[in-house]
Amino acid sequence: MQISLLDETCAAEWNALSEAEASFSMMQSWDWGEAKKQLGWDAYRVAIMDGGNIIAGAQILVKGLPLGIGSLSYVPRGPIGHWTNPEIARLLFDELHRVARQKRAIFLKVEPGVVASSINKSLFIDLGFRNSSVVNQPCTTIIMDISPAPEMILRNMRDSTRRKIQSTERKGVTSRIGTIDDLVTFYKLMQITAQRAGFALRSFDYYKTEYLTFAQKGQAALFLAEYQGQILAAHIVYAVGKHAAFFHQASNNEASSLNPNCLLVWEEIKWAKSKGCSTYDLWGIPDEIGELVTLEKEIPAAERTDGLWGVYRFKSGFSKNIVNYISSLDYVYSPFLYKVISNKLINQNTYERFSVWLDKHIPRRGIRIKP
0 MQISLLDETC AAEWNALSEA EASFSMMQSW DWGEAKKQLG WDAYRVAIMD
50 GGNIIAGAQI LVKGLPLGIG SLSYVPRGPI GHWTNPEIAR LLFDELHRVA
100 RQKRAIFLKV EPGVVASSIN KSLFIDLGFR NSSVVNQPCT TIIMDISPAP
150 EMILRNMRDS TRRKIQSTER KGVTSRIGTI DDLVTFYKLM QITAQRAGFA
200 LRSFDYYKTE YLTFAQKGQA ALFLAEYQGQ ILAAHIVYAV GKHAAFFHQA
250 SNNEASSLNP NCLLVWEEIK WAKSKGCSTY DLWGIPDEIG ELVTLEKEIP
300 AAERTDGLWG VYRFKSGFSK NIVNYISSLD YVYSPFLYKV ISNKLINQNT
350 YERFSVWLDK HIPRRGIRIK P
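Each residue of the sequence shown is one higher than the one before, starting from 0 at the first, in numbering that gives the first Met the number 0.
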């Protein structure tokens with residue numbers, strides 16, 4: 000086995016490895032790295048080769064911080080391939096650390112697409128990682144099996160969800176797949192949603208770049224729900240390999256009474272099936288639900304509205320298949336700077352707003368990695 004830093008001639012083989020993952024792994028695709036490059040990040044693909052074939056690897060994203068104090072390095076939903084053998088994992092992470100250190104990273108954050116278990120967690124602890132209080136990707140999600148016939152998928156939904164889909168259609172709400180021209184409408188709805196929910200909104204160029212990167216390959220769709228000439232809700236959905244995911248959702252303040260989101264998800268499921276997908280990831284529910292599932296404890300039935308509990312009630316109507324991934328983990332290179340940026344005063348919301356600010360204001364500064 001040998002380690003290699005890949006160039007663009009390996010893009011197709013890398014994507015084949017990414018698409019072979021057991022769950023949605025778009026953020027490890029070559030194209031995701033190219034999109035992030037346009038948004039000010041550097042992307043490197045580190046591969047383990049055996050007999051000339053890529054058997055494992057990780058895409059590491061790096062972005063410089065203001066005033067030249069260092070950089071952030073990040074492996075989203077990775078590594079990928081057959082990397083959990085301790086020997087392979089050690090070889091892979093040694094190279095990731097080399098890349099991160101050359102870029103003067105303060106720490107390396109990983110958010111693997113592997114289920115939460117003591118064995119998987121101990122692998123990272125043995126490699127020197129520590130738990131992180133700040134997460135980028137959802138640790139807990141609901142993943143639907145969409146391989147059955149459409150009528151069976153409908154039958155497996157909660158009765159109330161199925162009724163909402165049918166009721167929305169009877170009320171005259173229609174859905175369609177939008178074009179690039181509809182991204183402006185999508186972003187206006189995102190602005191309304193961000194203000195209502197209190198989250199930091201990324202720039203229009205961020206969503207446009209992400210969407211166009213995959214739409215030009217037929218792997219992205221912008222779904223719109225319309226009623227009497229007004230767009231009520233919009234979703235951006237991705238289908239990569241055998242897996243699809245519900246990535247971005249936006250709606251106006253009048254949408255709730257007509258339940259357009261239920262209808263859109265149903266149309267997206269049918270679209271994902273047409274793309275050859277067998278799973279549909281609803282992308283994010285409260286992490287405490289995942290912890291309860293891992294501990295085999297009962298999920299409380301109380302109608303909570305804080306955090307993502309309202310989102311959970313909506314998404315759980317489509318499926319009960321809850322998946323809990325390992326939480327965010329950090330490997331620290333600069334203890335002092337890491338302590339500063341991981342101060343308890345810097346909570347999840349502050350971190351997200353800082354990440355949005357970085358994407359908007361810090362330009363790309365490419366640094367060549369020595370072989």
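Even glycine gets a Cβ: it sits at the ideal position worked out from N, Cα and C.
Using a Cβ distance threshold of 7 Å, Trp-82 and Leu-91 count as a contacting pair. For a cut-off of 8 Å, the C-beta gap from Leu-281 to Lys-241 is around 16 Å, too long to register as a contact. With a threshold of 16 other beta carbon atoms within 10 Å, Asn-258 meets it and is buried.
Residue state for Ile-191 is assigned as helix, using DSSP reduced to three classes. Within its own chain, the residues whose Cβ lies closer than 7 Å to the Cβ of Ile-298, once the five positions on either side in sequence are excluded, are Ile-288, Leu-291, listed in chain order.
If you draw a 10 Å sphere on the C-beta of Leu-16, you find 16 or more other C-beta atoms in it, and that means buried. When C-alpha distances from Leu-223 are compared across Ala-232, Gly-56, Ser-24, Val-98, the shortest belongs to Ala-232.
Counting the other CB atoms within 10 Å of its CB gives Asn-260 a total of 16 or more, which places it among the buried residues. For Ala-271, no beta strand (DSSP E) segment is defined; the enclosing uninterrupted segment is the alpha helix (DSSP H) at 259-273. In terms of Cβ geometry, Thr-139 and Asp-286 form a close pair [threshold 7 Å].
Per DSSP, reduced to three states, the secondary structure at Leu-71 is strand. Within the model, the alpha-carbon separation for Lys-35 versus Leu-122 is close to 28 Å.
Annotation for Ile-142: the continuous beta strand (DSSP E) segment containing it runs 139-144. By the 16-neighbour rule on beta-carbons within 10 angstroms, Gln-248 is buried.
For Lys-62, the enclosing beta strand (DSSP E) has its first and last residue at 52-63.
Here Gly-283 is buried: its Cβ has 16 or more other Cβ atoms, across all protein chains shown, within 10 Å. In terms of Cβ geometry, Ala-238 and Ala-271 form a close pair [threshold 7 Å]. In the three-state reduction of the DSSP assignment, Leu-336 falls in the helix class, which pools H, G and I. Counting only runs of 4 or more residues that sit fully inside the region 169-223, the alpha helix (DSSP H) segments are 182-196, 203-214, in chain order. Our two residues, Phe-213 and Asp-30, have alpha carbons roughly 7 Å apart in a direct line.
Bounds of any beta strand (DSSP E) do not take in Asp-93; it lies within the alpha helix (DSSP H) bounded by 85-101.
Boundaries of the alpha helix (DSSP H) harbouring Ala-15: 10-18, taken from the DSSP string.
Relative to Leu-60, the option among Ser-318, Gly-77, Trp-40, Gly-316 whose CA is nearest is Trp-40.
Residue pairing from DSSP places Thr-278 in a beta bridge opposite Asp-144, His-242.
Its Cα nearest to that of Leu-4, the residue Ala-46 stands out among Pro-85, Met-25, Ala-46.
Beyond the five residues adjoining it in sequence on each side, Val-98 comes within less than 7 Å, by CB distance, of Tyr-43, Val-45, Ile-59, Ile-368 in the same chain, given in chain order. Of the candidates Asp-204, Phe-198, Thr-173, Asp-204 places its Cα closest to the Cα of Ile-179. Setting aside the 5 residues that flank it on each side, Pro-149 is surrounded in the same chain by Lys-269, each with a C-beta closer than 7 Å to its C-beta; the list follows chain order.
Bounds of the alpha helix (DSSP H) holding Val-292 are 286-293. Cβ-Cβ separation between Phe-317 and Val-264: approximately 6 Å, consistent with a contact (criterion under 8 Å). When DSSP reads this structure, Asn-323 sits in a beta bridge with Thr-139.
Rounded to whole angstroms, the separation of the alpha carbons of Phe-198 and Tyr-210 is 20 Å. The bridge partners DSSP lists for Glu-7 come to none.
Lys-296 carries a coil assignment under DSSP once its states are collapsed to helix, strand and coil.
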